[in-house]
Amino acid sequence: MESIVVLTNVPSRVSAGARFRQALAEEAPLQIMGTINAYTALMAKSVGYRALYLAGAGVANASFGLPDLGITTINDVLTDLRRVSDSADLPVLVDVDTGFGGAYSIARLVRGLIKDGAGAMHMEDQVALKRCGHRPGKEIVSQSEMLDRIKAAVDARYDEDFVIVARTDALALEGLNGAIDRASAYMEAGADMIFAEAFTELGQYTKLATALNRPHAVLANITEFSKTPNFTTEELRDAGVSAALYPLSAARAMNAAALKVYQTIRGQGTQKDILGTMQTREELYGYLNYHAYEKKIDELFAAKKGA
Numbered sequence: 002m003e004s005i006v007v008l009t010n011v012p013s014r015v016s017a018g019a020r021f022r023q024a025l026a027e028e029a030p031l032q033i034m035g036t037i038n039a040y041t042a043l044m045a046k047s048v049g050y051r052a053l054y055l056a057g058a059g060v061a062n063a064s065f066g067l068p069d070l071g072i073t074t075i076n077d078v079l080t081d082l083r084r085v086s087d088s089a090d091l092p093v094l095v096d097v098d099t100g101f102g103g104a105y106s107i108a109r110l111v112r113g114l115i116k117d118g119a120g121a122m123h124m125e126d127q128v129a130l131k132r133c134g135h136r137p138g139k140e141i142v143s144q145s146e147m148l149d150r151i152k153a154a155v156d157a158r159y160d161e162d163f164v165i166v167a168r169t170d171a172l173a174l175e176g177l178n179g180a181i182d183r184a185s186a187y188m189e190a191g192a193d194m195i196f197a198e199a200f201t202e203l204g205q206y207t208k209l210a211t212a213l214n215r216p217h218a219v220l221a222n223i224t225e226f227s228k229t230p231n232f233t234t235e236e237l238r239d240a241g242v243s244a245a246l247y248p249l250s251a252a253r254a255m256n257a258a259a260l261k262v263y264q265t266i267r268g269q270g271t272q273k274d275i276l277g278t279m280q281t282r283e284e285l286y287g288y289l290n291y292h293a294y295e296k297k298i299d300e301l302f303a304a305k306k307g308a
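Counting from 2, one number per residue, gives the positions in the sequence shown under our numbering.
Put into structure tokens, the structure is as follows:
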């Protein structure tokens, strides 16, 4: 019987955590690009990104049509993670909100993330009924409760290279010194990196990085229409930032483009005027390696006919 060539992504033998750490060491700051599904992951990989991101808002908004208010579950996140990690052999940083419960739930989550191809996760110090980090009205748990969350994640990590990122939303509530105090404690508890949420000035990142005084310690969330300006990678590098996160940049553009298409076809009764804005069929096929799949089908049919 003729063998069937595997055309889909073959997982690397090197763990996703190890590849995430390698990318951090080789690109400064590491650009981590948000992808909301398997196909966008393929496109992101094709232009050279070394790491991908699965946002909680992406799961809630794109997969369920819900706001990012802690409504989705562990299984919802893991399902989307598997789709992304199966399609593109890149390490994925996963947003796990507040951990989806207590210590046992966090432990189950960490094991599931590693098994399903994540290279890193970030968990935040907001209360369980969380909000977007750039919205008013946030509340955070006590430092000791967040330390318990981090310790539960560290204890459950069976791949030592899996990266645990602790996000702090404390700047808005406790000021920069409070955020730095928390970040230092979180790293002492075993976090590998700090996600500095809703920072507004480059100097704040510099002070945080100086206080932590560890390699690859600070991640900046460069999300659009937020409290954080759209700093360049050069500015972030000079401020001591090791990773720059773009959680929903492509998703926002996709949403705007889709709405324009819906409005145009509804209003004009045709898509003729917007064909130039669309990805062509051949471009789609290129990212999917479609013709290689089709060629294999033709070869199998030909072999059967010749048998």
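Every residue gets a Cβ at the ideal spot worked out from N, C-alpha and C, and that includes glycine. Predicted model only: the values in this text are computed from it and were never measured.
Query	Result
Residue interval of the alpha helix (DSSP H) (run including Ile33)	From DSSP, Ile33 is part of no alpha helix (DSSP H) but of the beta strand (DSSP E) over Leu31 to Gly35.
Residue span of the alpha helix (DSSP H) that contains Tyr50, given as start and end	Tyr50 -> no alpha helix (DSSP H), and no H or E assigned at all.
Nearest-angstrom beta carbon gap, Thr234 and Ala245 [assumed within contact, 8 Å]	6 Å
Runs of beta strand (DSSP E) wholly within the segment 100 to 160 (minimum 3 residues, chain order)	119 to 125
Spatial distance of Leu79 from Ile107 (CA atoms)	13 Å
Residue span of the beta strand (DSSP E) that contains Leu94, given as start and end	Val93 to Asp96
Three-pair Cβ contact test at 8 Å for the segment 192 to 211 versus the segment 165 to 182	yes
CA-to-CA distance, Ala61 to Ile72, given in whole angstroms	8 Å
Sequence-distant residues of the same chain with beta carbon closer than 8 Å to Ala199, five excluded per side	Gly134, His135, Asp170, Leu172, Ala173, Asn222, Ser227, Lys228 and Thr229
Among Thr207, Leu289 and Tyr247, the one whose alpha carbon lies nearest that of Arg238	Thr207
Cross-strand partners of Phe196 (DSSP beta bridge)	Arg168 and Leu220
Alpha-carbon to alpha-carbon, Ser47 and Tyr291	15 Å
Short Cβ contact (9 Å threshold) for His217 with Ser243	yes
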